[in-house]
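K.L.:
When you line the sequence shown up against the working numbering, it's residues 3 to 710, in that order. Glycine is no exception: its CB is placed at the ideal position from the N, C-alpha and C atoms. A quick note: this is a predicted structure, and the numbers were derived from the prediction, not measured.
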Amino acid sequence: MGLLSDPEYGSMRFIKVLKRIHSPLCFLFYIGAIVWFFLLGHREFNNDTYFSENALLPGLVTNEFNGEQAAKQFHNELLQELEDKYEDTDEMPVPWLVAKMSQIHLEVYTHNFTLNYPLGQGQVFKGTNVYGILRAPRTSSLEALVLTVPYRPLSSHQKGTTAGIALMLAFAQFARPKKYWAKDIIFLVTEHEQLGMQAWLEAYHGLQSDSGTFYTNLGSFWKSKKKGWEWTDHSRCLDPGTLKGRSGSIQAAINLEFHTPKIKYIEVKVEGLNGQLPNLDLVNLVHKLCVKSGIHHSYKNSYAWVRNRNSMDGWVDGVWTMLGMMSAQIAGVPNGNHGLFHRFGIEAVTLEGRDADDPAGAPPRVHQLTATNFYRLGTALESIFRSLNNLLERFHQSYFFYLLAATDRFISIGQYMPSLCLLCGAMLIRALSLWVTIQKEEDKKEDKKDNDGVEEEKVNEESEVIENREGLRKRVKGDLKDKKRVKEDGDMKETESISVVSIGANYFLAHLIGSGVMNSPFVFSHIGAKYLDRPSEVSVYYGLFCVSALIVVISPFLLKLFRQRPANREELTIINILLLIEMSTLGLCVGMHNISLGLCVCALYTPLALLVGVREKRSLSVYLKQGICLLLHPLVILTVCMMVYSRILFPEESLPSALGRGRDAAMQAIMFSIVDSLIYGNWLFNVATTVLLPVWIISWQLLCVTVA
């Protein structure tokens, strides 16, 4: 009957329980999220791969590829051409490629593009792509497939791609007379790796150099208002040019990276720009047809020729494969030319040939594997393209959001999202607990005020019946005390009132600082190049370091702006609630697009968000939390991670040398993220500066400010 007589009976009980258990509940949520994620590597918690698109019909055709000798001839001729004419230059052999594609009777075109480097002195780079189109005899060029190879000169520090170009030409020669093609096939050789691929895709889809970038669409705080500030203009730095010939809508693409035909196994790369992934059907198709063609294949730490009979070993390998995939996704940088196709709605993967002495490391029992040749590679390529030729519509039936635990095991979005939701749920529970605490304190104040009013009425009634002078004197004293108490209550109410404007202004300033930091590399790069004669990466890194140090000093004083009194407990609690809500929203939004980045951000910053709170006095625990907060600054995290990684890669170096190498790696990483955001649209740097940094600033404010 208590629920019928008192409508707040159940809610009050819930509030008491929530205030009592929210701390251990948040801790259990965090531990549960980590445990759930690592359990996904076990076979009992993930799934076997399967085909959702029945039209692919993988491996049902009889292979007819007979271009092994042609591939060998193309390979030898290309090596001879490079050694004779291009040994001392990084230029691409455009005349040779045009001549060979013309001999195969393809529609051959060249594509020129220009890069105006956005930082430093603004250097200009030019490049040329070569592509040939095989028109489908059965359709009118409505759909197309792409086979692409990046050109790498002999002086490149990466593995060459001459064998991949030779295989592409041999496959084009084989496919040219066939009558069963229902889609055009575009054979593309790109210069400058991903830069040429990005320029070709933009030109193919009609994106011109005058279209807006991330900065011009969002709005820049450094737009040039007068002459002399042109170096801060955020116009598109890549001029993709125009294409003289094109085909229809591209359905899928395969990128080849073969330096020699005698490889031990193929590594299938799937990670794309901003963590995007190709449709799982395409990945399964490549793995299945590699098996059918007798080619060993792998993905990260999963090797198709290694079968673990011990469930614990399989679990460990699955976890390491997941972590390897996530490490490639976090940066948002494609690990091959295929990664730039995804944002155009084109499914693509990269096939990389690897040897026993590959820089990526030697897998187990690799020396026992039989080396492949051009025939096996060509057979696999033919099977893949003939399966793609059967597609009646775009890939859509299988998963676009997944994690791979092995070459034949996957984890769907419905299986890994609970881990992210538990992390964000811990922050939301903490925010709810703080909110009901504020409401409870306000209710107590109102009840106390009502009780004071009732007591005053009783005192007045009793005082009316007092007729002697002593009673009147006491009554006068009581009235004076009541007036004094009312005045004190009014002063207290004025002091404890919540200023929504001050809270909003502080939040706006924090995010304004983040947006300014996002645009600051242009200023630092120009100053370093013009006045200090320093490379862009050095001036940008130390400029961001100085800005971060300045933020650490001045951010606690931002709370005192736009206010005439210090912030009270209620205001700081509301700021803490908004911080928790923004942090959980950031994790969920980023995790929906890039689960690896979202999970990493939540795993790092959820403990900080739960530790931050309103403090009445400074203690040792507060200083410890401030130290943890400083270590979780985005710039500090990157620098420390690079130093640790350098120490692991080069254990023979001294500690100062390893730290210096890690610092240089951090400089390069920041510069690459900035350039990638301008050229390719990578939003890691933008998210880190416009959202993650303001969240850190507000956390630092709450740890540095105390209330009376």
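#1: Touch check for the stretch 99-110 and the stretch 162-180: three-plus C-beta pairs under 8 Å?
#2: Cutting at 6 Å between CB atoms, please list the residues of its own chain near S400, excluding the five before and the five after it.
#3: Hey, could you find the ends of the alpha helix (DSSP H) P365 is sitting in?
#4: Return yes when the Cβ of L245 is within less than 8 Å of the Cβ of H340, no when it is not.
#5: Exposed or buried, Q210, counting other C-beta atoms within 10 Å across all chains shown (16 or more means buried)?
#6: How would you label Q278, buried or exposed, when you count the other beta carbons within 10 angstroms and need 16 or more for buried?
#7: Going by DSSP in three states, T192 sits in which element: helix, strand or coil?
#8: Which same chain residues end up closer than 7 Å to G122 when comparing Cβ atoms and leaving out the 5 residues on each side of it in sequence?
#9: Across which residues does DSSP place D186 in a beta bridge pair?
#10: Leaving aside the five residues before and after S557 along the sequence, list all residues of the same chain whose C-beta is less than 7 Å from its C-beta, in chain order.
#11: How would you label G247, buried or exposed, when you count the other beta carbons within 10 angstroms and need 16 or more for buried?
#12: Does DSSP put I348 in a helix, in a strand, or in coil?
#13: For V697, count the other beta carbons within 10 Å of its own beta carbon; 16 or more makes it buried, fewer makes it exposed. Which is it?
#14: In the DSSP output, which residue or residues are listed as bridge partners for N78?
#15: State whether the stretch 571-588 contacts the stretch 301-317, with contact taken as three or more CB pairs (one from each stretch) at a distance under 8 Å.
#16: Using 8 Å as the threshold, is the C-beta distance between L599 and I332 below it?
#17: How many Å lie between H253 and S421 at the Cα?
#18: Excluding the 5 residues flanking I515 on each side, which residues of the same chain have their C-beta closer than 6 Å to its C-beta?
#19: Hey, F115 and G198 are a contact pair by Cβ (cut 8 Å); roughly how many whole angstroms apart?
#20: Can you tell me where the alpha helix (DSSP H) with N391 in it begins and where it stops?
#21: Express the C-alpha separation of L590 and C423 in angstroms, rounding to a whole number.
#22: In the structure shown, what three-state DSSP assignment does R649 receive?
#23: Can you tell me which of the three DSSP states G122 falls into?
#24: Using a Cβ-Cβ cutoff of less than 7 Å, which residues in the same chain neighbour L695 once the five nearest sequence positions on both sides are dropped?
#25: Examine the Cβ distances between the stretch 133-153 and the stretch 45-53 and report whether three or more of them are shorter than 8 Å.
#26: Is the distance from the Cβ of L390 to the Cβ of L147 below 8 Å?
#27: With distances taken from CA atoms, which of M324, V270, M327 and Y543 is nearest V2?
#28: Should the stretch 667-674 be called in touch with the stretch 639-649, which here means at least 3 C-beta pairs below 8 Å?
#29: Per DSSP, which residues does F403 bridge with? Please list them.
#30: Exposed or buried, R741, counting other C-beta atoms within 10 Å across all chains shown (16 or more means buried)?
#31: Express the C-alpha separation of H107 and R178 in angstroms, rounding to a whole number.
#32: For N596, is the classification buried or exposed, using 16 other Cβ atoms within 10 angstroms of its Cβ as the cut-off for buried?
#33: If you scan the stretch 267-303 from start to end, which runs of the beta strand (DSSP E) of 3 or more residues do you find wholly inside it?
#34: Entirely within the stretch 31-89 and at least 4 residues each: give me those alpha helix (DSSP H) ranges in chain order.
#35: Go ahead and pull the three-state DSSP assignment for S249.
#36: Who are the near neighbours of L430 in its chain, counting only those whose CB is closer than 6 Å to its CB and skipping five residues on each side?
P.N.:
So, from the listed chains and residues:
#1: yes
#2: Start at 1 with the first residue of the sequence shown, and residue 400 comes out as number 398. S54, N281, L282 and D283, listed in sequence order.
#3: Taking the first residue of the sequence shown as 1, we reach residue 365 at position 363. Note, P365: premise wrong, no alpha helix (DSSP H); not H, not E.
#4: Translated into the one-based positions of the sequence shown, residue 340 becomes position 338. Translated into the one-based positions of the sequence shown, residue 245 becomes position 243. Taking C-beta atoms as the reference points, H340 and L245 fail to come closer than 8 Å.
#5: Position 208 of the sequence shown, counted from the start, is the residue given in the question as residue 210. With fewer than 16 other Cβ atoms within 10 Å, it is exposed.
#6: If you number the sequence shown from 1, residue 278 lands on position 276. Q278 is buried by the Cβ-count criterion.
#7: Start at 1 with the first residue of the sequence shown, and residue 192 comes out as number 190. Strand, per DSSP.
#8: Taking the sequence shown and counting its residues from 1, the one referred to as residue 122 is at position 120. Once the five neighbours on either side are set aside, the close Cβ partners of G122 are S527, A531 and S538.
#9: Numbered from 1 along the sequence shown, position 184 holds the residue referred to as residue 186. Bridge partners of D186: A146.
#10: In the sequence shown, the residue the question calls residue 557 occupies position 555. Cβ-Cβ distances below 7 Å link S557 to I699, W702 and Q703 in the same chain, with the five nearest sequence neighbours on each side left out; the list follows chain order.
#11: As a working note, residue 247 is residue 245 in the sequence shown. Looking at its Cβ environment, which holds fewer than 16 other Cβ atoms inside 10 Å, G247 is exposed.
#12: Numbered from its first residue, the sequence shown carries residue 348 at position 346. I348 falls in the coil class under three-state DSSP.
#13: Position 695 of the sequence shown, counted from the start, is the residue given in the question as residue 697. Under this definition V697 is a buried residue.
#14: The residue labelled residue 78 in the question sits at position 76 within the sequence shown. For N78, which the question treats as bridged, DSSP gives no partner whatsoever.
#15: no
#16: One-based indexing of the sequence shown puts residue 599 at position 597. One-based indexing of the sequence shown puts residue 332 at position 330. The Cβ-Cβ distance between L599 and I332 falls below 8 Å.
#17: For the purposes of this step, residue 253 is identified with residue 251 of the sequence shown, where counting begins at 1. For the purposes of this step, residue 421 is identified with residue 419 of the sequence shown, where counting begins at 1. Before going on, a small fix: residue 253 reads as Gln here, not His. Distance between the alpha carbons of Q253 and S421: 33 Å.
#18: Counting from one through the sequence shown, the residue named residue 515 turns up at place 513. None.
#19: Working through the sequence shown from its first residue, we reach residue 115 at position 113. Working through the sequence shown from its first residue, we reach residue 198 at position 196. In this structure F115 is in contact with G198, their Cβ atoms being roughly 7 Å apart against a cut-off of 8 Å.
#20: Taking the first residue of the sequence shown as position 1, residue 391 is located at position 389. In the DSSP assignment, N391 falls outside any alpha helix (DSSP H) and carries neither an H nor an E.
#21: Here residue 423 refers to the residue found at position 421 of the sequence shown. Here residue 590 refers to the residue found at position 588 of the sequence shown. Inter-residue distance for C423 and L590 is about 7 Å (C-alpha atoms, whole angstroms).
#22: Your numbering for residue 649 matches position 647 in the sequence shown. Helix at R649.
#23: For the purposes of this step, residue 122 is taken as residue 120 along the sequence shown, with counting starting at 1. Under the three-state reduction of DSSP, G122 is assigned to coil, being neither helix nor strand.
#24: Translated into the one-based positions of the sequence shown, residue 695 becomes position 693. Excluding residues within five positions, the ones whose Cβ falls inside 7 Å are G516, V519 and P636.
#25: no
#26: On the sequence shown, residue 390 is found 388 positions in, with the first residue counted as 1. On the sequence shown, residue 147 is found 145 positions in, with the first residue counted as 1. Yes. Within cutoff.
#27: Given a span of 3 to 710 for the chain in the structure shown, any question on residue 2 remains unanswerable.
#28: By the Cβ rule, the stretch 667-674 counts as touching the stretch 639-649, because three or more pairs are nearer than 8 Å.
#29: As a working note, residue 403 is residue 401 in the sequence shown. DSSP, once it has assigned bridges, lists no residue as partnering F403.
#30: In the structure as shown, the chain begins at 3 and stops at 710. Residue 741 is therefore absent and cannot be evaluated.
#31: Taking the first residue of the sequence shown as position 1, residue 178 is located at position 176. Taking the first residue of the sequence shown as position 1, residue 107 is located at position 105. When rounded, the distance between both Cα atoms is 8 Å.
#32: Taking the first residue of the sequence shown as position 1, residue 596 is located at position 594. With 16 or more Cβ atoms within 10 Å of its Cβ, N596 is classed as buried.
#33: 267-271 and 299-301
#34: 70-87
#35: Stepping through the sequence shown from its first residue, residue 249 is reached at position 247. Note: S249 maps to coil in three-state DSSP.
#36: As a first step, residue 430 is located in the sequence shown; it is residue number 428 there, counting from the start. Within the same chain, L430 has close Cβ partners S586.
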